[in-house]
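As structure tokens, the structure follows; a few thoughts come after it.
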Amino acid sequence: MTTFLACGVALALALPGAAGEGKKDTGEGQIAHMVFFTLKDSTPEGRQKLVDACKKYLTKHDGAVYFAAGPRGAGFDRPVNDQNFDVALLIVFKDKAAHDKYQDHARHKKFIAENKDTWKTVRVFDAVLPK
Numbered sequence: 041m042t043t044f045l046a047c048g049v050a051l052a053l054a055l056p057g058a059a060g061e062g063k064k065d066t067g068e069g070q071i072a073h074m075v076f077f078t079l080k081d082s083t084p085e086g087r088q089k090l091v092d093a094c095k096k097y098l099t100k101h102d103g104a105v106y107f108a109a110g111p112r113g114a115g116f117d118r119p120v121n122d123q124n125f126d127v128a129l130l131i132v133f134k135d136k137a138a139h140d141k142y143q144d145h146a147r148h149k150k151f152i153a154e155n156k157d158t159w160k161t162v163r164v165f166d167a168v169l170p171k
């Protein structure tokens, strides 16, 4: 989990325009939207099905500067590695307004409606990334 997040956040910050070059300073940073799903069907097939649904419904939203979804990595078994999830989702938005628009978008709502019955638990972490 730590490696997935660190790589995703580092990549998002390194993307052209990620630091807000040439854009008006609104006083907000980028928003890292991290979601960790524990599935009722914790099989490779169940995990892949959710990853595919993330890619179908949660990519290419306005204001998203980075997207990644994938299963928990095998071999990350240090004591600090959280093993209590099956699929991780990371979307970095240019600002909170883009995050809020995504939350209300029809494709996001359809993703939830079509997949919520497969989830045992969902944990959401939203963070403001420094400029």
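All residue numbers for the sequence shown refer to this note's numbering, where the first residue is 41 and numbers rise by one.
By construction, the Cβ of each residue, glycine as well, lies at the ideal position given by its N, Cα and C atoms.
Taking the beta carbon of residue i as the centre, do at least 16 other beta carbons fall within 10 Å, making it buried, or is it exposed?
{"i": "Ile131", "result": "buried"}
{"i": "Phe77", "result": "buried"}
{"i": "Phe17", "result": "With the chain covering 41 to 171 only, the question about residue 17 has no answer from this structure."}
{"i": "Pro111", "result": "buried"}
{"i": "Ala114", "result": "exposed"}
One question on the structure: do residue i and residue j come within less than 9 Å of each other, judged by their Cβ atoms?
{"i": "Ala128", "j": "Val75", "result": "yes"}
{"i": "Gln70", "j": "Phe133", "result": "yes"}
{"i": "His148", "j": "Leu79", "result": "no"}
{"i": "Asp135", "j": "Glu68", "result": "yes"}
{"i": "Ala109", "j": "Lys100", "result": "no"}
Pick from the options: whose alpha carbon is nearest that of residue i?
{"i": "Asp140", "options": "Gly86, Asp102 and Gly115", "result": "Asp102"}
{"i": "Val162", "options": "Thr83, Leu90 and Lys100", "result": "Leu90"}
{"i": "Gln123", "options": "Ser82, Ala72 and Asp157", "result": "Ser82"}
Specify, as a first and last residue, the run of the beta strand (DSSP E) that residue i falls within.
{"i": "Ala138", "result": "Element bounds for Ala138: not the beta strand (DSSP E) but the alpha helix (DSSP H), Lys136 to Asp144."}
{"i": "Lys160", "result": "Trp159 to Leu169"}
Please report the residue range of the alpha helix (DSSP H) in which residue i lies.
{"i": "Asp174", "result": "This structure cannot speak to residue 174, because the chain is shown only from 41 to 171."}
Whole runs of the beta strand (DSSP E) within the segment 99-130, excluding any shorter than 3 residues: Counting whole runs of 3 or more residues, the segment 99-130 contains the beta strand (DSSP E) stretches 104-111.
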